[in-house]
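Quick note: the sequence shown uses the working numbering, first residue 1408, plus one each step.
Glycine included, C-beta positions come from ideal geometry on N, C-alpha and C.
Here the structure comes first, spelled out in structure tokens, and everything after it is commentary.
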Amino acid sequence: MNAASPTGDEQRFLREAIELAHANVEKGGRPFGAVVVKDGAVVATGVNEILATSDPTAHAELTALRAASRRLGSPDLGGCTVYASGHPCPMCMAAMRLAGVEAVVYAYSNDDGAPFGLSTAAVYDELARPFAEQSMAISHVPVRLEARPDLYADWKRRQAG
């Protein structure tokens, strides 16, 4: 998004995401909303449902992606744009990339959220470090099941058959 001159559609969809976030706050939720758009039309919306569901992955972008995938009948969200009230966290960015989302536009930056404890900049910084330097222990232990075929090769074979 060009911060100096957002398009009319960008403003409209961002306003919708912010309205969703406000409504979520009014219901006791966190201040995040997201809108998934394809071909100029809203496909799905979502709000942060972490507090309502006790699901740490229930971010607005992910609830919107899940709804969009159900509505479109596919995990492939190619051609979609996500409009988010706040800067998407690394988990949400990764999910949007894996789903094939074409673009992401957000209204509130990590800098805007920092004074309120709503920035994910530290998570981005942590993930940029090599595994050995991160605060969470991450290790590769290549266990295989002797009585079963290789997991990935078996999956690939079943996809082809």
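Problem - the stretch 1519-1537 / the stretch 1481-1500 touching (three or more Cβ pairs under 8 Å) - result: yes
Practice task
Just tell me which of Val1489, Asp1532, Met1498 has its CA closest to the CA of Glu1417.
Solution key: Val1489
Practice task
Starting from Thr1464, follow the beta strand (DSSP E) in both directions and report where the run begins and ends.
Solution key: Segment: none, Thr1464 is in no beta strand (DSSP E) and carries neither H nor E.
Handout entry: Residue interval of the beta strand (DSSP E) (run including Val1550)
Key = Here Val1550 belongs to no beta strand (DSSP E), and DSSP marks it neither H nor E.
Practice task
Using DSSP bridges, identify the partner residues of Thr1488.
Solution key: Val1444, Ala1510
Problem - Distance, Tyr1515 Cα to Ala1451 Cα - result: 20 Å
Exercise for the section: Pull up the distance between the alpha-carbon of Gly1415 and that of Ala1428, whole angstroms please. Expected result: 20 Å
Problem - Assumed close pair Phe1420, Asn1431 - CB separation to whole angstroms, cut-off 8 Å - result: So it is not a contact: roughly 17 Å between Cβ atoms.
Exercise for the section: Could you pull the start and end residues of the alpha helix (DSSP H) that Lys1563 belongs to? Expected result: 1558-1567
Handout entry: Within 8 Å, strictly: CB atoms of Arg1473 and Leu1458
Key = no
Practice task
Just the C-alpha distance for Ser1546 and Leu1534, rounded to the nearest angstrom, thanks.
Solution key: 15 Å
Practice task
Assuming Leu1484 and Ala1506 form a contact by the criterion Cβ under 8 Å, report the distance between their Cβ atoms to the nearest whole angstrom.
Solution key: 4 Å
Practice task
Note down the Cα distance separating Tyr1513 from Arg1564, rounded to an integer number of angstroms.
Solution key: 41 Å
Problem - Spatially closest choice to Asp1446 from Cys1487, Leu1525, Gly1435, Cys1499, by CA coordinates - result: Cys1487
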